[in-house]
Amino acid sequence: MSFHNVSREAMAGTAILGVALVAGYYMGKTRTVSSRMDLFKSHSGAKDNPLMLYVLNHSLREHPALTKLRLKTLEDPYNYMMVACEQAQLMANLAKLIKAKKAIEIGVYTGYNALSLALALPEDGRVVACDVEEKYTDVGKPFWEEAGVQHKIDLRIQPALKTLDDLLAAGEAETFDFAFIDADKINYDNYYERSLQLVRKGGIIAIDNVLWSGKVINPAQDDMNTQAIDKLNKKIYRDTRVNLSMLTIGDGVTLAFKI
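The sequence shown maps to residues 10 to 268 in the working numbering.
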């Protein structure tokens, strides 16, 4: 893969990732692999880590509506599914860096990251948010409205593959700038392939949970979720259609920059 084939935006995106990688490495040295899917998340697995607190105290710039939604989400017993605030901020900064106007989020939960992306997009920006459960997305809607970005979030309550296929059928291939994959793991490869079609050259695809609490090191034969993630990790590593960085932030996130 030629270095000269990489877009200037993609090159700029990879340049800002070192801090996140180093922070994740040093936090990883202080703890063993967690049994939960939250390896280095500030609100769960690493919430009592002094270095994580230092990172947040010296880097997190959270919109008030994001803070309120994060605290509301923490009341839910499944809050470890929420994207960590430091990861959401990184992705929002990347979206700003590439001047994103259109984004896709596959897996919304309470909508913290959808809100973060919407705040990063310009006034005429659009986040197509894909989920199958209104119980949790309804939690986020009042905070989207409070932040004044509800008009930017196009929530689709149906299987994400149908939404992605609908977008392709509507002629929106290569018109999106950013995609975030954080839904059912069995379909991760399908989501990745659809996202590659929808994202423009120089755009970014972020894939969450790529470390899966360390289970990817030695996937169990009967663990289809871990096997699906490991298979996609290996595939992206060999994929000449993208440049990539795999980071140890949260439960692991891969950033694929479309060439």
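Where a beta carbon is used, it is the ideal one built from N, C-alpha and C, also for glycine.
**Request:** Go ahead and pull the three-state DSSP assignment for M36.
**Result:** Because the pLDDT of M36 is 39, which lies under 50, any placement of that residue in the model is unreliable, and the number read from its coordinates should be weighed accordingly. Correct three-state label for M36: helix.
**Asked** If you draw a straight line from the C-alpha of P73 to the C-alpha of D193, how long is it?
**Response** 30 Å
**Request:** Rounded to whole angstroms, what's the CA-CA distance from A97 to K243? Just pull it up for me.
**Result:** 24 Å
**Prompt:** Residues bridged to S254 by DSSP?
**Reply:** In DSSP, S254 forms a bridge with L264.
**Message:** Using DSSP's beta-bridge definition, name the partner residues of K111.
**Reply:** R135
**Continuous alpha helix (DSSP H) assignments of at least 4 residues falling wholly in the region 130–181** = 143–155 and 169–178
**Item:** Limits of the alpha helix (DSSP H) - the one that R79 falls within
**Value:** Run containing R79: P73 to T82, per the alpha helix (DSSP H) assignment.
**Residues near K224 in its chain [Cβ-Cβ closer than 6 Å; skip 5 each side]** = T235
**Request:** Per DSSP, which residues does V3 bridge with? Please list them.
**Result:** Past the edges of the chain, shown from 10 to 268, lies residue 3, and the structure says nothing about it.
**Asked** Helix, strand or coil: which one does DSSP assign to A123?
**Response** helix
**Message:** Tell me the rounded alpha-carbon separation between I195 and A237.
**Reply:** 6 Å
**Item:** Inter-residue Cα distance where the pair is M100 and L126
**Value:** 8 Å
**Message:** Three or more C-beta pairs under 8 Å: does that hold for the region 114–126 against the region 83–97?
**Reply:** yes
**Asked** Quick one: Cα of L256 to Cα of V219, how far?
**Response** 9 Å
**Asked** What separation, rounded to the nearest whole angstrom, lies between the Cα atoms of M10 and L83?
**Response** The predicted model places M10 with a pLDDT of 46, which falls under 50 and marks its position as unreliable; any figure quoted below should be read in that light. The C-alpha of M10 lies about 43 Å from the C-alpha of L83.
**Asked** Would you report the Cα separation of S254 and A178, rounded to the nearest angstrom?
**Response** 30 Å
**Request:** Can you tell me which of the three DSSP states D248 falls into?
**Result:** coil
**Prompt:** Cβ of V148 within 9 Å of Cβ of L128?
**Reply:** no
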